[in-house]
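Below: the structure, in structure tokens.
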Amino acid sequence: MSLCLTAVRKAGCWPQSIVGNVRLCRTISQGNPLQVQSSYLPLVQRGIPNCIASRDPNGRFARSSSSLNISGTTSMLAWQIESYGGNDKVKLVEKPIPVITQPNQVLIKVHASSVNPLDVKMRQGYGATLMNKGRKVKSGGEFPLTLGRDCSGVIVGLGKAVKGFEVGDEVWGTVNQINQGAHAQYVLTTNGEISLKPNNLSHVEAASIPYVTITTWSATYAIARFRPENAVGRFALVHGGAGGIGSFAIQLLKAWNARVATTCSTDSVDFVRSLGADHVVDYRTTDPEKELKKLGRFDYILDPIGGKVEEYSLNLLNGAKGANYVTLITPLMAAIDSQGAVLGSLSSSFNLIKKALQTAKVGGKYRWAFATANAEALKKVAALVEEGKIRPVVNKVFPFTETPEALRAVEAGRARGKIVISVVKDKEEQEAKKVDIFKDA
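Numbering (the UniProt record's numbering), first residue to last: 1 to 441.
The structure is reproduced here in structure tokens:
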């Protein structure tokens with residue numbers, strides 16, 4: 001039998017503002033009544049037929065004749081902060097599962113999430129002044145705040161306007177910094193921030209890639225305009241090749257057939273070579289500036305480190321048209337936090353102009369880059385992963401219950417690749433392959 005929106009409204013369990021924006025399940029099996037318990041209808045599954053899902057060639061889930069009964073739930077666990085500070089501020093709390101309120105939103109059951117340096121900075125209050133302007137508009141305040149900017153999981157709810165995805169799809173993606181994050185059992189994001197997960201990766205492996213993808217893509221493809229069609233044979237330098245950004249950027253640039261040099265510590269030399277780096281400079285045992293100059297000048301330099309690295313690297317560009325130095329370490333957020341939006345923006349602009357003039361002396365351009373949501377980039381990288389041209393680099397996996405330890409590991413630095421949080425255990429993940437399939441109401 002069919003479940004109509006009118007019946008749901010009469011039950012008093014679905015907010016009027018939500019109706020029409022969410023795809024609801026509509027079939028009730030064996031005549032059993034649907035027990036609507038709360039406004040989280042996409043997750044209330046009692047009496048609704050469930051399907052053991054098999055993947056089609058595109059990675060989507062298809063129905064089978066088998067069924068699995070899963071009890072409904074309206075709450076979840078999330079790691080949140082109520083104030084800024086150290087790891088002692090991160091607490092595990094029970095909270096309502098997010099509700100879809102916009103037509104472009106997607107609700108994901110998180111199977112794994114990663115920890116990025118940004119999470120540690122946000123825990124400490126980084127960017128609060130600017131981000132809170134957006135948060136107040138959307139949710140009324142900055143706390144409580146859930147960290148976690150990327151994840152891999154399964155879609156359990158879709159906004160009305162979302163195309164190209166179905167409930168049950170395995171996806172990976174990112175979460176805007178002004179929204180509640182993915183260090184939780186469920187997360188709300190948008191269709192512009194996700195793509196189908198590569199078929200050949202587990203959720204833990206997949207969770208290590210989305211945020212570094214959109215960051216590297218923003219710097220390389222969008223800002224430096226260093227792209228597959230013009231990268232062949234050009235010379236790129238990636239600082240910090242063993243880190244999360246560096247280990248991904250090396251692989252992306254090699255997939256585009258660029259020539260790549262990188263810097264790293266002694267114990268990571270063999271590792272970055274295994275990623276495809278053509279030239280490796282050990283900054284612990286050599287003078288990196290001198291060694292890099294021996295290699296020649298660069299068409300593109302990606303700097304996720306800043307500080308002294310930036311000081312000597314600005315003079316390493318080759319001066320050719322299109323040569324770019326792009327840094328991910330900018331003073332903008334910190335300046336706005338300490339000086340306010342107007343003065344902070346002005347002082348940061350002066351800093352940018354100064355560095356740009358310095359770089360122009362050698363014929364190059366100095367640019368800033370920030371992570372920018374990009375579903376198309378995720379889709380293209382997923383294809384490269386499935387082709388074997390990019391592989392995940394996971395340093396360590398922490399269970400969901402040890403999320404504060406995962407944050408501490410990233411804060412300590414020196415991680416080779418990414419730190420990942422496993423939200424759904426292996427056995428549970430296998431069971432989760434048997435996914436509920438919801439149809440349009």
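Glycine included, every Cβ here is placed at the ideal spot set by N, Cα and C.
Can you name the start and end residues of the alpha helix (DSSP H) that residue i belongs to?
i    : result
K293 : P288 to L295
I172 : A small correction: the amino acid at residue 172 is Trp; Ile does not occupy that position in the sequence shown. Element bounds for W172: not the alpha helix (DSSP H) but the beta strand (DSSP E), E170 to T174.
I214 : P210 to W217
V167 : From DSSP, V167 is part of no alpha helix (DSSP H); its letter is neither H nor E.
R273 : V269 to S274
Y312 : K308 to S313
V385 : A375 to E386
May I ask which residues mark the beginning and end of the beta strand (DSSP E) holding residue i?
i    : result
H111 : Q105 to V115
T263 : R259 to C264
D282 : H279 to D282
A236 : F235 to V238
S195 : I194 to L196
V420 : K418 to S422
Return the CA-CA distance between residue i and residue j, expressed in angstroms with no decimal places.
i    : j    : result
R259 : S114 : 29 Å
V171 : T189 : 11 Å
F226 : N315 : 19 Å
N261 : F271 : The sequence given here has Ala at residue 261, not Asn. So the alpha carbons of these two residues sit roughly 13 Å apart.
A277 : T285 : 18 Å
V99  : L107 : 8 Å
A207 : E311 : 33 Å
L275 : V410 : 21 Å
K425 : K308 : 42 Å
Y126 : A377 : 26 Å
P96  : A78  : 10 Å
P228 : P399 : 37 Å
A255 : I390 : 8 Å
L118 : G296 : 33 Å
V423 : A249 : 26 Å
E387 : L346 : 45 Å
L252 : Y84  : 35 Å
G192 : S152 : 15 Å
S195 : K290 : 42 Å
P288 : V281 : 6 Å
I178 : Q80  : 14 Å
M76  : P404 : 18 Å
V175 : G363 : 37 Å
Y366 : E94  : 45 Å
P144 : E402 : 19 Å
G417 : I353 : 33 Å
T146 : V154 : 19 Å
T74  : S218 : 37 Å
G47  : G340 : Residue placement at G47 is poorly supported in this model, since its pLDDT is 26, which falls under 50; the coordinates still yield a value, given next. If you take the alpha carbons of G47 and G340, they lie about 54 Å apart.
I329 : G306 : 6 Å
N318 : F298 : 5 Å
Mapping the DSSP letters down to three states, classify residue i as helix, strand or coil.
i           : result
Q185        : coil
I250        : helix
L147        : coil
P399        : strand
L346        : helix
residue 486 : The structure shown does not extend to residue 486, since the chain is modelled only from 1 through 441, so no value can be given for it.
K160        : coil
I155        : strand
I81         : strand
residue 444 : Given that the chain is displayed from residue 1 to residue 441, the structure contains no residue 444 and the question cannot be resolved.
F61         : A caution first: F61 carries a pLDDT of 37, below 50, which makes its placement in the model unreliable, though a value can still be read off. In the structure shown, F61 sits in a strand (DSSP, three-state: E or B).
V410        : helix
Y126        : coil
T359        : helix
P404        : helix
G244        : helix
A371        : coil
A206        : helix
R101        : One detail in the question is off: residue 101 reads as Thr in this sequence, not Arg. Here T101 sits in coil by DSSP.
K354        : helix
K425        : coil
T285        : coil
K121        : helix
A255        : helix
T330        : coil
DSSP puts residue i in a beta bridge; with which residues?
i    : result
M76  : K95
N324 : Y300 and K365
L317 : F298
V394 : K418
V90  : I81
Say the cut is 7 Å; is the CB of residue i nearer than that to a heavy atom of the ligand FMN?
i    : result
N104 : In the structure on display, the ligand FMN does not appear, and there are no ligands present to speak of.
Are at least three pairs of beta-carbons, each pair with one atom in the segment 229-241 and one in the segment 177-184, less than 8 Å apart?
-> no
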